[in-house]
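Sequential numbering of the sequence shown, starting at 1, is according to our numbering. Below is one structure, written out as structure tokens; comments come after it.
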Amino acid sequence: MSWLLTPYVERRTCRVLFYLLLGLPLGILDFTIVVTGFSLGLGLIVTLLGIPVLVVTLLVVRSLAALERGLAVSLLDAPMPRRGPARDRDSGVFWARLRGLVFARRTWEEAGYLILRLPLGTLDFSIAVTIIALAVSGMVMPIVVAAGVPVSIGSWEIDTFVESLVYLPVSVIFLLVGPRLVLAWSGLSRRLATALLGRLEPYESKLAVVDVLARTGEADGFLILDELELRFGRGPFLTPTHVEATLLALESLGQISARRENGRTLYALAR
């Protein structure tokens with residue numbers, strides 16, 4: 001029984017429910033802005049006016065994705081990489097930054113998430129409202145009927161107090177299991193947000209590793225992973241395999257060097 005009642009004393013339950021209820025309005029907003037921007041930009045592409053429209057749309061996608069990322073972190077406790085002030089490999093070069101925006105995988109994953117936000121947000125909203133309605137209707141119905149207000153369910157008109165109690169067991173069941181259902185369903189939204197909004201770009205990982213080695217001088221993979229977790233946080237976006245791939249990429253580019261010592265591989269910036 002405590003397993004069923006625990007969600008009622010957890011703040012997370014209210015935060016998750018609020019996130020699900022936001023699904024419909026935010027889904028409409030995200031979908032409308034993104035689809036309208038891309039449609040208008042592609043329609044005007046022959047006049048060249050479509051190019052700035054598409055660029056602005058991509059910038060808006062980044063902003064909306066940042067909003068969605070913040071909501072997922074604060075309301076769903078979704079693991080997302082912490083990012084400081086904007087910095088990238090092409091910083092200060094307008095055309096290079098523009099190219100990075102257009103061709104970054106992260107940009108299009110965020111755009112895909114915002115488009116999916118409408119159908120999935122509608123589903124989130126519908127599930128939340130249905131659970132609330134089923135949990136409350138059976139409790140409210142006897143009060144409404146006792147006040148002399150007839151209630152109709154299809155062709156069945158409920159006008160006596162005894163008949164109004166028919167949905168009371170359903171409400172009791174959903175009052176007990178409803179919060180658990182809400183939390184379980186929110187897990188799907190959490191995983192989707194993490195998968196599409198919580199990705200580290202390769203250049204971000206490389207810049208972070210270079211910064212760590214510049215600060216420490218020399219470090220093994222475990223220390224580098226610890227430093228990156230302090231910088232970005234923990235999550236599926238940062239794993240030992242991810243760090244190893246980043247180190248191999250930097251070594252192949254000649255930016256870092258590696259040496260073996262006492263069974264460990266130590267990395268340092270190439271001289």
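Ideal Cβ placement from N, Cα and C applies to all residues, glycine included. No experiment lies behind these values; they were computed from the predicted model shown.
Next on the checklist: I'd like to check one pair, Ala-214 with Leu-269: are the Cβ atoms closer than 8 Å?
Outcome noted: yes
Item to check | Inter-residue Cα distance where the pair is Ala-86 and Arg-97 | outcome: Unreliable positioning characterises Ala-86 in this predicted model, as indicated by a pLDDT of 49, which lies under 50. A coordinate reading is not provided.
Checklist entry - What is the residue span of the alpha helix (DSSP H) that Leu-213 lies within? => result 202 to 216
Item to check | Cβ neighbour criterion (16 or more within 10 Å) applied to Glu-68 | outcome: buried
Item to check | For Arg-106 and Arg-199, believed in contact at Cβ under 8 Å, the rounded distance | outcome: 6 Å
Item to check | Where Asp-131 falls, given that 16 or more other Cβ within 10 Å makes a residue buried | outcome: Per the sequence shown, the amino acid found at residue 131 is Ile instead of Asp. It is buried - the Cβ of Ile-131 has at least 16 other Cβ atoms within 10 Å.
Checklist entry - Since Arg-191 contacts Ala-72 with CB under 8 Å, what's their CB separation in whole angstroms? => result No, Arg-191 and Ala-72 are not in contact; Cβ-Cβ is about 10 Å, not under 8 Å.
Item to check | Alpha-carbon spacing of Phe-38 relative to Pro-79, whole angstroms | outcome: 29 Å
Checklist entry - Would you call Glu-227 buried or exposed, if buried means 16 or more other Cβ atoms sit within 10 Å of its Cβ? => result buried
Checklist entry - Is DSSP giving Val-151 helix, strand or coil here? => result strand
Checklist entry - Between Tyr-203 and Arg-259, what straight-line distance do the alpha-carbon atoms span, to the nearest angstrom? => result 23 Å
Item to check | Rounded C-alpha distance that separates Pro-7 from Phe-174 | outcome: 13 Å
Checklist entry - Hey, is Thr-160's beta-carbon within less than 8 Å of any beta-carbon in chain E? => result Within the model displayed, chain E is absent; a lone protein chain is all it includes.
Checklist entry - Once you ignore the five residues that flank Leu-101 on each side, which residues in its own chain have a CB closer than 8 Å to its CB? => result Val-55, Leu-58, Leu-59, Arg-62, Thr-107
Checklist entry - Nearest to Glu-261 by alpha carbon, out of Thr-194, Gly-221, Thr-47? => result Gly-221
Checklist entry - Would Val-172 pass as a contact of Ser-164 if the rule is Cβ separation under 8 Å? => result no
Next on the checklist: For Leu-253 and Gly-41, what's the separation of their Cα atoms in angstroms?
Outcome noted: 37 Å
Item to check | Exposed unless 16 or more other CB atoms sit within 10 angstroms - verdict on Pro-119 | outcome: exposed
Next on the checklist: Quick check on Asp-288: does DSSP put it in helix, strand or coil?
Outcome noted: It is not possible to answer for residue 288, since the shown part of the chain is limited to 1 through 271.
Item to check | Separation of Leu-247 from Leu-298, as counted between CA atoms | outcome: Nothing about residue 298 can be read from this structure; the chain reaches only from 1 to 271.
Item to check | Spatially closest choice to Gly-23 from Thr-216, Ser-126, Pro-52, by CA coordinates | outcome: Ser-126
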